[in-house]
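Per the numbering used here, residue 3 is the first one in the sequence shown, and the count goes up by one each step.
Note that beta-carbon positions come from the ideal geometry of N, C-alpha and C, so glycine has one too.
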Amino acid sequence: MGSPATWSIRAITWRLAMALSWASYGHQRVWTKVEESPSFLSVQCWAVRYPEAIDCSWTTDRETETDPELGLQASFIATYRLGMITQGETHPCLQPSPKARSCVIPDIQMFSMTPYILNITVITRQGARSRLVPFIAEHIIKPDPPEAMSVSPVPGKQLRVQWEPPHSWPLPHYFPLKYLIRYQRQGATQFRQVGPIEETSFILQGLRPRTQYQVQVAAGDFMDYGELSTWSTVVTTTPGSK
């Protein structure tokens, strides 16, 4: 499994030594140096809508901790390119507004070994600073959890588990998901796990009658790219006695 495009500031030591960026404060427009500053921006990106889009979000840790008002006043410029900073064409990462702490990369070049470079510039009254985040699209696939889960007793001390792919996964017929089920009887300390399963239903067998079970399902890319989704909402039910 891959890792999320999430890095602490210590993990990236790039500094943009003399890069310049325009920053606007009211009617005054000034040149400011853009550089990476320790502990100021935490960024993560996930391809929850692969292959249609990549969703990125960020937090401004230092501003929020030391000066909440400064954090609230921050605005952001988000761009991306395919390839290193000196290569390729820069595109806007789509933001709802300049103050939004999220953006969307709408066009994904599939199966490219060239990394995307996301550039987030945070602008406050103290100046502008940037953070570069590299990632490979397939390495950050992480579907949302399955939806519309139901668990019902069937004869023979069994439970039928059914679910649907997450609605955010746009093309399940062309980019199928596979699923894991975990279940736990009342009083047990550990879950049992079944899968991977390619269908959207499964019958759990050999269960204890008249015993309550908790069931959850998670989704993952069919080709094992990226990470497994978080587990679905817990559904609780009890098998029959026959």
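Return the CA-CA distance between residue i and residue j, expressed in angstroms with no decimal places.
i: P172; j: L96; result: 19 angstroms
i: S26; j: F177; result: Residue placement at S26 is poorly supported in this model, since its pLDDT is 31, which falls under 50; the coordinates still yield a value, given next. Rounded to the nearest angstrom, the two C-alpha atoms are 44 angstroms apart.
i: Y52; j: I143; result: 7 angstroms
i: A150; j: H169; result: 10 angstroms
i: T123; j: R131; result: 5 angstroms
i: W233; j: V50; result: 14 angstroms
i: R127; j: F78; result: 12 angstroms
i: I125; j: H93; result: 19 angstroms
i: T202; j: P157; result: 20 angstroms
i: L134; j: D109; result: 19 angstroms
i: Y181; j: G129; result: 47 angstroms
i: Q195; j: I183; result: 6 angstroms
i: P155; j: L209; result: 10 angstroms
i: G197; j: M112; result: 27 angstroms
i: E91; j: T191; result: 53 angstroms
i: L43; j: M225; result: 32 angstroms
i: W48; j: D57; result: 6 angstroms
i: A80; j: I107; result: 10 angstroms
i: E229; j: Q218; result: 17 angstroms
Considering just the uninterrupted stretch of the beta strand (DSSP E) at residue i, what are its terminal residues?
i: L161; result: 160-166
i: M151; result: 149-156
i: D57; result: 55-61
i: Q195; result: 194-199
i: L206; result: 203-206
i: V235; result: Note that residue 235 is Thr in the sequence shown here, rather than Val. Per DSSP, T235 belongs to no beta strand (DSSP E) and is neither H nor E.
i: A49; result: 44-51
i: I107; result: 104-107
So what does residue i bridge to, in DSSP terms?
i: I125; result: S77, A130
i: K180; result: G222
i: P98; result: Per DSSP, none; premise fails for P98.
i: R187; result: Y215
i: L120; result: Y82, V135
i: H93; result: Y82
i: I143; result: A49
Report all residues from its chain with a CB closer than 8 angstroms to the CB of residue i; omit the five preceding and five following residues, and keep chain order.
i: G28; result: Unreliable positioning characterises G28 in this predicted model, as indicated by a pLDDT of 32, which lies under 50. The coordinate reading is nonetheless provided below. Closer than 8 angstroms at the Cβ level, and outside the excluded window around G28, lies no residue.
i: A76; result: T62, E65, K101, V124, I125, T126
i: Q214; result: R187, Q188, T238, T239, T240
i: G85; result: T116, P117, I119
i: S114; result: L84, I138, A139
Tell me whether the beta-carbon of residue i lies closer than 8 angstroms to the beta-carbon of residue j.
i: P147; j: A55; result: no
i: V45; j: V153; result: no
i: Q207; j: Q160; result: yes
i: Y227; j: E140; result: yes
i: R162; j: I205; result: yes
i: S231; j: P145; result: yes
For residue i, which residues in the same chain have their Cβ closer than 7 angstroms to its Cβ, ignoring the five residues on either side in sequence?
i: S59; result: Q46, R103, S104
i: Q216; result: Y185, Q186, V236, T238
Skipping 5 residues on each side, what residues in its chain have a beta carbon closer than 6 angstroms to that of residue i?
i: P136; result: P117, I119
i: I14; result: Because I14 sits at a pLDDT of 32, beneath the cut-off of 50, its placement in the model cannot be relied upon, and the following sentence gives the value as read from the coordinates. Correct list: empty, nothing qualifies.
i: P167; result: P174, L179
i: D223; result: I143
i: R31; result: Because the pLDDT of R31 is 30, which lies under 50, any placement of that residue in the model is unreliable, and the number read from its coordinates should be weighed accordingly. So no residue of the chain qualifies.
i: F193; result: R184, Q186
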